[in-house]
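Worksheet: the structure to be examined is printed underneath.
Protein chains: 2
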Amino acid sequence: MFVLDKKEGIPFYVKIREALRAEIEGGNLKRGQKLPSEEELANQYGVSRMTVRQGIADLIDEGLVYRRHGVGTFVAFPHVERDHSRLTNFFETASKEGISVQARLLDLEVSPARQRIAKALDIAEGDLIIRIKTLRYADDVPVTLHEAYVPHVLFVKLLEEDLETQHLWTLYERYGYRVKRAVQKLEAREADHELAVLLQIEEGAPILFKERVIYAEDGTPVEFTYCYNRGDRYSLTVTLER
Amino acid sequence: MFVLDKKEGIPFYVKIREALRAEIEGGNLKRGQKLPSEEELANQYGVSRMTVRQGIADLIDEGLVYRRHGVGTFVAFPHVERDHSRLTNFFETASKEGISVQARLLDLEVSPARQRIAKALDIAEGDLIIRIKTLRYADDVPVTLHEAYVPHVLFVKLLEEDLETQHLWTLYERYGYRVKRAVQKLEAREADHELAVLLQIEEGAPILFKERVIYAEDGTPVEFTYCYNRGDRYSLTVTLER
DNA sequence: GATATCTAGACGTATAGACGTCTAGATTCT
DNA sequence: AGAATCTAGACGTCTATACGTCTAGATATC
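These protein sequences, in sequence, are chains C and V. Taking the working numbering, the leading residue of the first sequence gets 1, the next gets one more, and so forth. Taking the working numbering, the leading residue of the second sequence gets 1001, the next gets one more, and so forth.
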């Protein structure tokens, strides 16, 4: 049995998971409907119950099904925005929605890190950082002032790149850091004079302020960003799980 | 062995998970450091390897540790705000930070659902909903105007409950709906006259506006909420993964 | 010295069985 | 009829074992 598995190179639990997913997404199993019991599935696929459970566990993580102790496993409601908790960037999101995107580089400099930034990036105060200030347009309307700080030591060559057309994240990857996680703080603020001018809004207009740290796969902080978004042109959707 | 477990009522894998968490948070195991192998842990705690794996799996989900196939299990970067992608409510968050919380019920009524709300709650336009409007205080300062809509049919008895001292979520659970997921949209807005009065701020002051749908475990939408937060007193932190 | 191979250790997948606990519905008793 | 109890079925926890696969470092080879 085990050898058969290896021949195809796909673990049983993955096969079962995908089989169940297909049943659900294909509509054979509808919202709220009970899956066969773990015991039944085990017999049906000729595997042990633990293996079935492992497959189902993945589907639970995805929110596709849920278990009720003593009752059974059921298909969950397939709500559209299941994956809005995923980290995406401005360019990805906008282009997926058919919005044209541009960036204008306002400022680019290397300087010593202030305390706040050094702490966020886990470097020493005074270590060199690259500061990248861009103004971002959606359909030719200025929407976001973006101020990113990255450790100079990680990305020395970054200064030679074209920062208007390439997204920072793809550059990070080129230097070996794959973006994995972002922790971001959101606030509502008022536009000051500079913002008002840049974003072509009134002074005091609402701004969705976002402060975030981006981490690579291994936990290295690669970017600290202040992001000022026009309140009337920008909203953010996230999904949270309990 | 198994009976011992039951005597204390806590599964082994939970004990092991918490023991490891304590080691990590207590600083005995530092960032990047290798945990004892699963084998070793199994011996150490007198359980089987699968049980250890189950405990570790939870910590991986939390992002506290990560596994490397063929190498070992390691402590991940302990970034402070790790669990901010978890869904929590106002009361939980605030009380964890030692802030006193109060709610004042402003309005409670049953009415037919408007189109926007019906769609979000997956009910028919005109179906009855309960509208619960509360003003929430943190340390006696009004911070949030909270306007929740719940399907009347799900929670008929809700009207008899004390909505100022009990949190809605605990009430949902009492009626058999466990809160699982929230999809929320965030925007920056200006305070209108009503908000300005209620939140004791200037008209036009920035508001962090949050619109969200809360889903139960089985995917049923149980609550649709408009949430107006004082920009100067409220910020929201989320973690996103790629 | 550089390269290829081997190997120990660690995680990955899987089994078959056992007992615990919970839920809903059936049964029994009042 | 209503309440208390019982029970079958389903998920929850756990074991002891086995073999697969991967990684890093040691060893051997060129």
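For every residue, glycine included, the Cβ atom is placed at its ideal position computed from N, Cα and C. Bear in mind the structure is a predicted one, so any value in this text is a computation, not a measurement.
Can you tell me whether DSSP reads I117 (chain C) as helix, strand or coil?
-> helix
Confirm, please, whether the CB-CB distance from F1224 (chain V) to L1121 (chain V) is below 8 Å.
-> yes
Give the range of the beta strand (DSSP E) segment to which A283 (chain C) is assigned.
-> Because residue 283 (chain C) is not part of the residues shown, which for chain C are 1 to 242, the question remains open.
Any chance the segment 133-153 of chain C sits against the segment 94-113 of chain C, with 3 or more Cβ pairs inside 8 Å?
-> yes
Verify the CB distance criterion: does T1144 (chain V) have a CB-CB separation below 8 Å to chain C?
-> Contact of T1144 (chain V) with chain C is not assigned, every C-beta pair being separated by 8 Å or more.
Quick one, are the C-beta atoms of I207 (chain C) and A182 (chain C) less than 8 Å apart?
-> No.
Does the beta carbon of I1201 (chain V) come closer than 8 Å to any beta carbon on chain C?
-> no
Any 3 or more C-beta pairs closer than 8 Å across the segment 22-29 of chain C and the segment 1009-1028 of chain V | No contact exists between the segment 22-29 of chain C and the segment 1009-1028 of chain V.
Might you give, ordered along the chain, the residues of its own chain that have their beta carbon closer than 8 Å to the beta carbon of V1052 (chain V), omitting 5 neighbours on each side?
-> Y1013, I1016, E1038, L1041, A1042 and Y1045
Going along the segment 1174-1208 of chain V in order, which residues come within less than 7 Å of chain C, judged by CB to CB distance?
-> V1179, K1180, R1181, A1182, V1183, Q1184, K1185, L1186, E1187, A1188, R1189, E1190, G1204, P1206, I1207 and L1208
Counting only the same chain and skipping the five closest in sequence on each side, list residues whose C-beta sits under 7 Å from that of L1198 (chain V).
-> L1135, P1142 and L1145
6 Å Cβ shell around Q115 (chain C) - same chain, five flanking residues per side excluded | E125
So H1152 (chain V) is in the alpha helix (DSSP H); what residue range does that whole segment cover?
-> That residue, H1152 (chain V), is in no alpha helix (DSSP H); it is neither H nor E in DSSP.
Neighbour flag for L1029 (chain V) against chain C, beta carbons, 8 Å = no
If we ignore side chains and look at the alpha-carbon of each, how far apart do L159 (chain C) and Y172 (chain C) end up?
-> 12 Å
Taking DSSP as the reference, what is the three-state secondary structure of N1028 (chain V)?
-> coil
My understanding is that G204 (chain C) touches G1204 (chain V), with C-beta atoms under 8 Å, so please give their C-beta distance in whole angstroms.
-> Sure, about 7 Å apart at Cβ, within 8 Å.
Residue from V:V1150, V:Q1033 and V:I1117 whose Cα sits closest to the Cα of R1131 (chain V) = V:V1150
Nearest residue (CA-CA) to D1162 (chain V), options V:G1070, V:A1076 and V:D1107 = V:D1107
According to DSSP, what are the bridge partners of P36 (chain C)?
-> DSSP, once it has assigned bridges, lists no residue as partnering P36 (chain C).
Listed in chain order, which residues of the segment 1228-1241 of chain V have Cβ atoms closer than 7 Å to some Cβ of chain C?
-> Residues passing the 7 Å Cβ filter: G1231, S1235, L1236, T1237, V1238, T1239, L1240 and E1241.
Are the C-beta atoms of Y149 (chain C) and some chain V residue less than 8 Å apart?
-> no
Rounded to whole angstroms, what's the CA-CA distance from G1176 (chain V) to P36 (chain C)? Just pull it up for me.
-> 23 Å
Beta-carbon gap between K1180 (chain V) and A1216 (chain V) smaller than 8 Å = yes
Note down, in chain order, each residue of its chain lying with its Cβ closer than 6 Å to the Cβ of A1148 (chain V), except the 5 sequence neighbours on either side.
-> I1132, E1223 and T1225
Which residue from V:V1071, V:T1170, V:R1068 and V:R1178 puts its Cα closest to that of R68 (chain C)?
-> V:R1178
Between G1032 (chain V) and M1050 (chain V), what straight-line distance do the alpha-carbon atoms span, to the nearest angstrom?
-> 23 Å
Any idea what DSSP makes of Q44 (chain C), helix, strand or coil?
-> helix
Cβ pair V1238 (chain V), V238 (chain C) closer than 8 Å = yes
So, does the CB of F1224 (chain V) fall closer than 8 Å to a CB anywhere in chain C?
-> Not an interface residue.
Taking C-alpha atoms, which residue in C:A188, C:V110 and C:G219 lies nearest to Y234 (chain C)?
-> Selected option, being the one with the closest Cα: C:A188.
Provide the residue(s) that pair with D243 (chain C) in DSSP beta bridges, ordered along the chain.
-> There is no way to answer for residue 243 (chain C), as the model of chain C reaches only from 1 to 242.
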